[in-house]
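In what follows, a single structure is set out as structure tokens and then discussed.
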Amino acid sequence: MIRTKEIMVGIQFFGAAQSVTGSRFFITVNGQRLLIDCGLFQGRRKLKQRNWEPFPVPPDSLDAVVLTHAHIDHTGYLPRLVKEGFRGPIYCTPATADLLSLLLPDSGHLQERDAFYANKKKYSRHDPALPLYTEQEARQVLKHLQPVIYHEPKALTEELDFEYLHAGHILGSAMIRLHYTDSGGRKILFFSGDLGRSAQPLIKDPETIEKADYLLLESTYGGRTHQQVDVRAYLEELVQQTLEAGGSLIIPAFAVGRSQRVLYFLRELEEAGRIPVLPVYLDSPMAVRAVSMYCDNLDEHDFEMSQLMAKACPLESGSIHLVQSVEESKALNEVKSPCVIVSASGNLAGGRILHHLKSRLSDSRNTVLFVGYQPQGSLGRLISEGRKEVKIHGARVPVRARIATLDALSAHADSGELLEWVGHLKEPPRKIFLVHGELESQQALKAQLEQVISSEIVIPDFLDEFQLE
Ligand SMILES: [Zn+2]
Numbered sequence: 153m154i155r156t157k158e159i160m161v162g163i164q165f166f167g168a169a170q171s172v173t174g175s176r177f178f179i180t181v182n183g184q185r186l187l188i189d190c191g192l193f194q195g196r197r198k199l200k201q202r203n204w205e206p207f208p209v210p211p212d213s214l215d216a217v218v219l220t221h222a223h224i225d226h227t228g229y230l231p232r233l234v235k236e237g238f239r240g241p242i243y244c245t246p247a248t249a250d251l252l253s254l255l256l257p258d259s260g261h262l263q264e265r266d267a268f269y270a271n272k273k274k275y276s277r278h279d280p281a282l283p284l285y286t287e288q289e290a291r292q293v294l295k296h297l298q299p300v301i302y303h304e305p306k307a308l309t310e311e312l313d314f315e316y317l318h319a320g321h322i323l324g325s326a327m328i329r330l331h332y333t334d335s336g337g338r339k340i341l342f343f344s345g346d347l348g349r350s351a352q353p354l355i356k357d358p359e360t361i362e363k364a365d366y367l368l369l370e371s372t373y374g375g376r377t378h379q380q381v382d383v384r385a386y387l388e389e390l391v392q393q394t395l396e397a398g399g400s401l402i403i404p405a406f407a408v409g410r411s412q413r414v415l416y417f418l419r420e421l422e423e424a425g426r427i428p429v430l431p432v433y434l435d436s437p438m439a440v441r442a443v444s445m446y447c448d449n450l451d452e453h454d455f456e457m458s459q460l461m462a463k464a465c466p467l468e469s470g471s472i473h474l475v476q477s478v479e480e481s482k483a484l485n486e487v488k489s490p491c492v493i494v495s496a497s498g499n500l501a502g503g504r505i506l507h508h509l510k511s512r513l514s515d516s517r518n519t520v521l522f523v524g525y526q527p528q529g530s531l532g533r534l535i536s537e538g539r540k541e542v543k544i545h546g547a548r549v550p551v552r553a554r555i556a557t558l559d560a561l562s563a564h565a566d567s568g569e570l571l572e573w574v575g576h577l578k579e580p581p582r583k584i585f586l587v588h589g590e591l592e593s594q595q596a597l598k599a600q601l602e603q604v605i606s607s608e609i610v611i612p613d614f615l616d617e618f619q620l621e
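Numbering (this note's numbering), first residue to last: 153 to 621.
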């Protein structure tokens, strides 16, 4: 059959456009309708409100979803999408599928629990407060998951296929190289997803690419440089100082990624005799289960991790206590001697960390260490910016603990690293769309990119639409 119709390729930004969260990109290639990532909006109320708005296109009109990685700001809207009629395949790497079996039901559970607390304490504007989706609804997503391994092209239609590359961000994280064919030939639309950093422990480094016709580049840390600190030395000093004060170190960390990195470094410092062997509690059932996934997914390990694994998984040995039950978690309130508590969620959007902060934030002997990005308007941002009092579960809590931030543990490339990654391209893409960033970071990154590459740099806004030609 001779095709007379011009192939139309379009992209529309359903999220992560001038915001870090809510990653969702709608792609149309000659009538095929794809969604790249399906994230939840988090942070400011105005953003979170978007989770409740009707999806911009009917979910049942989508042919497939392709995921970059398991973090909730990239996947947490899936249960709602399925609830509202999506029935197609959801492609992801095998480790992402593993992680989603933890993260999505947990997200549903948190939605239900937050609604429960809001109703009990009557601090919601809505009466009754409802969950966006339930744990049970979140489990429905899992049967749609179709694992695709790295570097193995997956054909979607005659003129459309994609391939996963290592992103070095968290276990299972991938960049997506989407190939399509239009009247001008074969083209590449490339999604960086969340781009990790090189030379980080545990997983393989991000790959680089030489060609893309269009590039969606993350910009979380646009215009910013991670502290050039020695992570080991910093953690060592912080642990020692907190110990001297007779306090404990509380580290809010996302259950997947940061938690495991923190454990890895603490374990390493103990082994080297640089910090005393003190109890390290990983208090997040999901982080605990993710630990075993990190240990078990041998294919994803970098060289050092593979070497260590020959002896024992460094994430579950030594002084590390993996806390599972609510009773064990509550019992941590009674631990008065110095310890380290690593608990989720990393930006204090929910989870057991809130209970630990409620009981320990007002004690000046303690230290709270932020190791990840805190979105605007989040509780984590308020505390890290120096708020003297915050509200947790409706109760006022004075902030007297020492507050520290360690960006260097970030799982995101900083400005210089993003520029370096882009520097591997042999030719400038026609357009580079900056996504996953707040406007200020994006403008800073745009200015820097314009110095080094001749591509048109675009900062799309929510629902902006572009024809790719
Ligand atoms: Zn991520």
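Glycine residues also receive a C-beta, built at the ideal position from the N, C-alpha and C atoms. Remember, it's a predicted structure, so these values are computed and weren't measured experimentally.
Contact between the segment 417 to 425 and the segment 538 to 547 is not established, with fewer than three Cβ pairs separated by less than 8 Å.
In the DSSP assignment, T557 falls within the unbroken beta strand (DSSP E) covering R554 to T557.
The residue among L186, D515, G237 and E590 with its C-alpha nearest the C-alpha of N485 is D515. I493 sits in a strand when the DSSP states are folded into three classes.
Going by DSSP, F177 is part of the beta strand (DSSP E) stretching over F177 to V181.
With respect to K583, L620 sits close: the two C-beta atoms are nearer than 9 Å. Annotation: V523 is outside any beta strand (DSSP E) and is labelled neither H nor E by DSSP. In this structure, L317 keeps its C-beta atom at 9 Å or more from the C-beta atom of L330.
The alpha carbon of D215 has as its nearest neighbour, out of G195, R239 and Q201, the alpha carbon of R239.
Here Q380 carries a coil assignment [DSSP, helix/strand/coil]. In the structure shown, the three-state DSSP call for C447 is helix.
The bridge partners DSSP lists for G337 are D334. Just measuring C-alpha positions, the residue of I301, S481, S562 and L401 sitting nearest I322 is S562.
Counted as a single uninterrupted DSSP element, the alpha helix (DSSP H) harbouring T248 occupies residues P246 to K273. Straight-line spacing of the CA atoms in A222 and G409 works out to 10 Å. Going by DSSP, I322 is part of no beta strand (DSSP E) at all; its letter is neither H nor E. If you measure from each CB to the nearest heavy atom of ligand 1, the residues under 5 Å come out as H223 and D346.
Secondary structure at R349: coil, using DSSP grouped into helix, strand and coil. A direct Cα-Cα distance of roughly 11 Å separates S497 from V523. Taking C-beta atoms as the reference points, E370 and G529 fail to come closer than 9 Å. DSSP places R185 within a strand segment (E or B) once states are collapsed to three.
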